[in-house]
Amino acid sequence: MAKHHYKGLTEAQVLESRAQHGANSFSSVAGVPLWKQFLEKLSDPIILILLVALACSFGVSAYDFFALGEGLDAFLEPVGIFFAIFLATGVAFYFEVKANKQFEILNQVNDDIYYKVIREERVTQVLKKDIVVGDIVLLETGEEVPADGELLEAISLHINESTLTGEPLVHKTTDPADFEAEATYPSNYVCRGTSVADGHGVIEIKKVGDATEYGKVFKGVQIDSSVKTPLDEQLHKLASLISRISYAIAALVLVGRLFLYFHNPSHSLSAIDWVDFGGYLLNTLMIAITVVVVAVPEGLPMSVTLSLAYSMRRMMATNNLVRKMHACETMGAATVICTDKTGTLTQNQMTIYETYFNPSADEKLIAESMAVNSTAYLDFSAKEKPTVLGNPTEGALLLWLYNKGINYLPIREECEVIQQLTFSTERKYMATLVRSAALGKNILYVKGAPEIVMTFCHEDGEFCSTISQTDFEGKLLQYQQQAMRTIGFAYKVIDDPKTIISENGKLVINGLQFIGITAIADPVRADVPAAIEECMHAGIQVKIVTGDTPGTAKEIARQIRLWDESCSDINHITGAEFAAMNDTELLERIPHLRVISRARPLDKARLVNLLQQRGEVVAVTGDGTNDAPALKAAQVGLSMGDGTSVAKEASDITILDNSFSSIGKAVMWGRSLYLNIQRFILFQMTINVAACIIVLFGAFLGVQSPLTVTQMLWVNLIMDTFAALALASLPPSQRVMNDPPRQRKANIITKEMARGIFGVGGLFVLLLFGFIQYFKNEDITSLTQFSITDYFANFFHFGSFENGLSAYELSLFFSIFVMLQFWNMFNAKAYRTGRSAFAEIGKSQGFIMIAAAIIIGQVVITSFGGAMFSVTPLLLTDWCLIIAATSLVLWIGELLRLIKR
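So for the sequence shown, the working numbering puts the first residue at 632; every next one is plus one.
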């Protein structure tokens, strides 16, 4: 094959090269052990506060058990907090380990493939992993390039670079005159991981292993992104806020209680009873710690985890396989989507877009010209549709025949090939003389670049076709402006089969009949334009990053309605221009960019990092190995279902149906999920505000809290978990796509939520405080005895009470407290919908079931909880009165929402 004599490396030179440049394999990266992955879950800010609360609660319980002689039920609260922590971290760990399979694809690259290598002046077979810098490698059609190298020879060589640049067919040559100036990689250079689509060549290896372009991608995938998700940042803010408020209340308890102690005339500093003071101070510290424990929302981590886990499972039904749990929510915060072209926006299969044939051309002749004058094949082993083997452009012609119900293979087998001039990029055409089975004559078929093929279609100065050459040239220009590949077809009947059709590698026959032109393109997926429009309507910027030419990239952007008449040069940049600009210049330019053409793999990752510096939340879509570094660097990486394993390994979500519209669904799910988390925070923080202030009131009034530890455990853990499930199970709403993306630095608790938390929580505190005062002054055995006049009369009656609250009154108070929160859960469901809490209630079966479970659970706890929960069974009439009276919380909320509408 070789035109030159290559000596190759000697054995000694091989060893020296391997020692200097390394082996042709990637550096192994140790995986994170499971125990460490679990411990990472404990770094959640709310979990950290819960761990502090657990330590405080355990200290209080230990004091009660050892110093005050209480039973083991004193430890119920720390045990409950411990299980809240364990469940929140355990569920997240389980789902992520289950979804996040450790592919280790790049470490398991099959190195047991032999290549033909010249060493010591002989051709020998060498394993891919044993190839070194300086080796001379012979490449044939279908082979994968084993390492980066410079071409020494190239015969009709076309490389499939789709895994690195998105380009399915790139012409490679050693002739400087044919070098493509805009090529992503030099025209005389090939890269590891690409494959030979057509032709053959000889390369000298320049880089191996980690130093190759593929190796750089691998290294980029392994860099662990330290970028926090927006939800992480917002929960951290919330944790800090809760900490500050709870510590402030605890300090207020300490200062206030000490002031009250020393304000008492019997407690003068000169004659202080240190034993009495010590007991009082210890009791004050216990109350302060209890306030901190009550203020911490134990149910919040569980709510977030359950919401994420639920969404993770449900998103699977919309063809979004989520591997990293927080990606569910982060997708809803996305402000920019950086997408590749091939395989994501387009179908990654060359297809005939349109044909413009001579009307008088015989259909059998057209089919034969495509089937016989070709070197491609179709593989019918796949069940769904045939795949192309060989040149993808020629394969598009065979697929076009297949879609018309014509099998190319019998046509090819029935025609005897007499002479053939194979395709070359230098000639830009292919010619085959066959004995036609369809027409029973010797026919010369020529196909190639239309402008070249037309030069053989003149006789006596006339263009041989029933359509004028001007018409064909006009159509050709139209296709080229649409960034399509074009093929021209021509034929001629040759009477003498011995006629020489070519000399010195060039066709010497003229007077061919021009049949027509086919326009070939990688078509845009049908759902993409609407999906792009949906994302842009939702306030999300979309940027195409592709290795294709500027013309092709802009044309695809135009077809998906991303590029319009308002766009200019400021909206487009090439990879070379991008690389030449410094970060400061790019930070000013990137908000305007819509298309980046001729991009290299690390250009996309750099773009992601720059966007993040601008405070953007970036989602990246891609299906090739070239996309892996950017997929890893983004807050959310979205790979395609039929993409490379490397891309899937680097991503957070895999779009199983390869549909860009599924990305819009992921955004909708993410935004709805965040709204559900906000709903739960609104719900739970209202409970915590009410509980905190009640404990605080009790501390200053010198009475024990009417809510016991076990009752708070039920409210803070079990009920909150149920509420988390109820609110997490709310279906996503398409209406969230009408809102702009939320601000990344925004607090998760909005002003509207804060008004609801403190307004409703304060109202609950007043109502409950009134019931404490009422129950303490009246001996109530049934709510049928309740008097609204006596309720208000006793509101400010702070006298001394010997008996306190009876067991029945405590049970009434506990149930009223829970049912107020129960009805407020419906108000939380309606948050930010502007609609009734009963809107689409039929689609919220999970919410209804859990709401019923909360009522049943409260009745069961009150009826059978006994001494453990400090309760006694209530009368049926009291249950009816409690449920009816507390439901005013919902009806008032409904009235306010109606007024707003």
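The beta carbon of each residue, even a glycine, is placed where N, CA and C say it ideally should be.
Rounded straight-line distance, which links the Cα of residue j to that of residue i
i, j, result
"Asn-989", "Glu-1104", "13 Å"
"Glu-798", "Ala-948", "32 Å"
"Leu-665", "Ser-1290", "33 Å"
"Ile-854", "Lys-1263", "Note on Ile-854: pLDDT 44, under 50, position unreliable in the model; no value is reported."
"Lys-868", "Arg-1366", "27 Å"
"Gln-733", "Val-1298", "Residue placement at Gln-733 is poorly supported in this model, since its pLDDT is 34, which falls under 50; the coordinates still yield a value, given next. Each residue's Cα considered, the two are about 26 Å apart."
"Trp-1300", "Leu-1358", "14 Å"
"Pro-709", "Val-1346", "14 Å"
"Ile-1379", "Leu-866", "7 Å"
"Leu-1193", "Glu-1057", "36 Å"
"Phe-1087", "Asp-993", "20 Å"
"Phe-893", "Leu-1527", "47 Å"
"Lys-1565", "Ser-1000", "Limits of the chain in this structure are 632 at one end and 1532 at the other, which puts residue 1565 out of reach."
"Leu-1108", "Tyr-984", "15 Å"
"Ile-1146", "Leu-1029", "17 Å"
"Thr-573", "Met-1115", "Only positions 632 to 1532 of the chain appear in this structure, which leaves residue 573 out of reach."
"Cys-1323", "Thr-1317", "10 Å"
"Thr-1227", "Leu-707", "Reading the sequence as shown, one finds Ile at residue 1227 and not Thr. Ile-1227 and Leu-707: Cα-Cα distance of roughly 60 Å."
"Ala-1424", "Gln-1315", "31 Å"
Closer than 8 Å to chain C by CB, residue i
i, result
"Ala-1515", "Looking for chain C here will not work: only one protein chain is present."
Beta bridge counterpart(s) of residue i as assigned by DSSP
i, result
"Asn-1601", "Nothing in the structure corresponds to residue 1601, since the chain is present only between 632 and 1532."
"Cys-969", "Lys-1174 and Val-1251"
"Leu-758", "Tyr-745"
"Glu-775", "Ser-826"
"Asn-1141", "According to DSSP, Asn-1141 bridges with nothing at all."
"Ile-920", "Its beta-bridge partners do not exist; DSSP assigns none."
"Val-1502", "Val-1502 is not bridged to any residue."
"Asp-1010", "Thr-1018"
"Thr-982", "Ala-1152"
CB contact flag (residue i, residue j, <8 Å)
i, j, result
"Lys-1059", "Gly-1119", "no"
"Glu-1383", "Ser-1467", "no"
"Met-943", "Met-956", "yes"
"Ser-787", "Gly-830", "yes"
"Gly-780", "Glu-844", "no"
"Ile-1325", "Leu-1399", "yes"
"Val-927", "Ile-873", "yes"
"Ala-1259", "Val-848", "yes"
"Thr-977", "Leu-800", "no"
"Leu-1075", "Lys-1123", "yes"
"Leu-783", "Val-833", "yes"
"Tyr-637", "Ile-749", "yes"
"Arg-1229", "Thr-1180", "yes"
"Gly-1477", "Ser-1360", "yes"
"Ser-1270", "Ala-1278", "yes"
"Asn-979", "Thr-973", "yes"
"Glu-1533", "Ser-826", "As shown, the chain starts at 632 and ends at 1532. That puts residue 1533 outside it, with no answer to give."
Residue from the options with nearest C-alpha to residue i
i, options, result
"Gln-1112", "Ile-1083, Val-1449 and Arg-1189", "Arg-1189"
"Tyr-1008", "Lys-1279, Ala-828 and Thr-1205", "Ala-828"
"Thr-772", "Arg-1066, Gly-765, Thr-796 and Lys-747", "Lys-747"
"Ser-877", "Thr-1117, Val-1251 and Asn-1319", "Asn-1319"
"Arg-1231", "Asp-863, Asn-1257 and Ser-1005", "Asn-1257"
"Cys-822", "Lys-838, Ala-812 and Glu-1025", "Lys-838"
"Leu-1506", "Glu-1471, Arg-1528, Ala-1516 and Ser-1442", "Ser-1442"
"Val-1173", "Glu-1164, Phe-714 and Thr-720", "Glu-1164"
"Ala-964", "Tyr-1439, Gln-1243 and Lys-667", "Gln-1243"
"Gln-668", "Glu-647, Tyr-694 and Gly-721", "Gly-721"
"Met-1085", "Leu-1138, Ser-674 and Glu-1247", "Leu-1138"
"Arg-945", "Phe-1469, Pro-1362, Ile-1411 and Met-1450", "Pro-1362"
"Thr-970", "Leu-1238, Ile-1175 and Ile-1447", "Ile-1175"
"Ala-882", "Ile-1492, Leu-1327, Ala-1377 and Ile-1403", "Leu-1327"
"Glu-642", "Ile-712, Asp-1010, Pro-861 and Val-764", "Val-764"
Residue i CB to nearest heavy atom of the ligand ATP below 7 Å
i, result
"Asn-1004", "Only the bare structure without any ligand can be found here, which leaves the ligand ATP out of the picture."
Do the stretch 809–826 and the stretch 744–758 touch if we need at least three Cβ pairs shorter than 8 Å? no
Touching by the beta-carbon criterion (3+ pairs, under 8 Å), the stretch 1041–1051 and the stretch 1060–1080: Counting C-beta pairs closer than 8 Å gives three or more between the stretch 1041–1051 and the stretch 1060–1080, which meets the contact rule.
Segment contact flag, the stretch 1516–1524 with the stretch 1473–1481, C-beta cutoff 8 Å, min 3 pairs: Verdict: no, contact absent.
Under 8 Å, with one C-beta from each stretch per pair, do the stretch 1458–1466 and the stretch 1306–1313 reach the 3-pair mark? Between the stretch 1458–1466 and the stretch 1306–1313, the count of C-beta pairs closer than 8 Å reaches three or more; the two stretches touch.
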